[in-house]
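Novice: Could you have a look at this structure, given as structure tokens, before my questions?
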Amino acid sequence: MKINTLIAIGNLIYVVYSLVDRFIMRIPDIVAIPMMIIGIAIILGGFVKMR
Numbered sequence: 044m045k046i047n048t049l050i051a052i053g054n055l056i057y058v059v060y061s062l063v064d065r066f067i068m069r070i071p072d073i074v075a076i077p078m079m080i081i082g083i084a085i086i087l088g089g090f091v092k093m094r
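The C-terminal residue of the sequence shown carries number 94 in the working numbering, and the numbering is unbroken.
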């Protein structure tokens, strides 16, 4: 199964957020919440595009 680019980008956003938030510095909620919403929207868009 070919991986969709949008799904990969959404997962990358989530992984980078998690790593930065946990190990480098705490990301404020005012930045984190919109970033996670965008990441989830990109992942869902990738799943819809695959169908």
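Ideal Cβ placement from N, Cα and C applies to all residues, glycine included.
1. If I70 and V63 are in contact, beta carbons under 8 Å, what's the gap, nearest whole angstrom?
2. By the three-class DSSP mapping on this structure, what secondary structure does R94 have?
3. So I80 and G53 are supposed to be a Cβ contact under 8 Å. How far apart are they, rounded?
4. What is the DSSP secondary structure of R69, reduced to helix, strand or coil?
5. Suppose you measure from the CA of T48 to the CA of G89; what does that come to, to the nearest Å?
Specialist: Taking the geometry as given:
1. For the purposes of this step, residue 70 is taken as residue 27 along the sequence shown, with counting starting at 1. For the purposes of this step, residue 63 is taken as residue 20 along the sequence shown, with counting starting at 1. Confirmed, about 6 Å.
2. Position 51 of the sequence shown, counted from the start, is the residue given in the question as residue 94. In the structure shown, R94 sits in coil (DSSP, three-state: anything other than H, G, I, E or B).
3. Here the question's residue 80 lines up with position 37 in the sequence shown. Here the question's residue 53 lines up with position 10 in the sequence shown. Contact flag wrong, Cβ pair sits at about 11 Å.
4. Walking along the sequence shown from the start, residue 69 turns up at place 26. DSSP places R69 in coil when its eight states are reduced to three.
5. Taking the sequence shown and counting its residues from 1, one reaches residue 48 at position 5. Taking the sequence shown and counting its residues from 1, one reaches residue 89 at position 46. C-alpha separation (whole angstroms): 7 Å.
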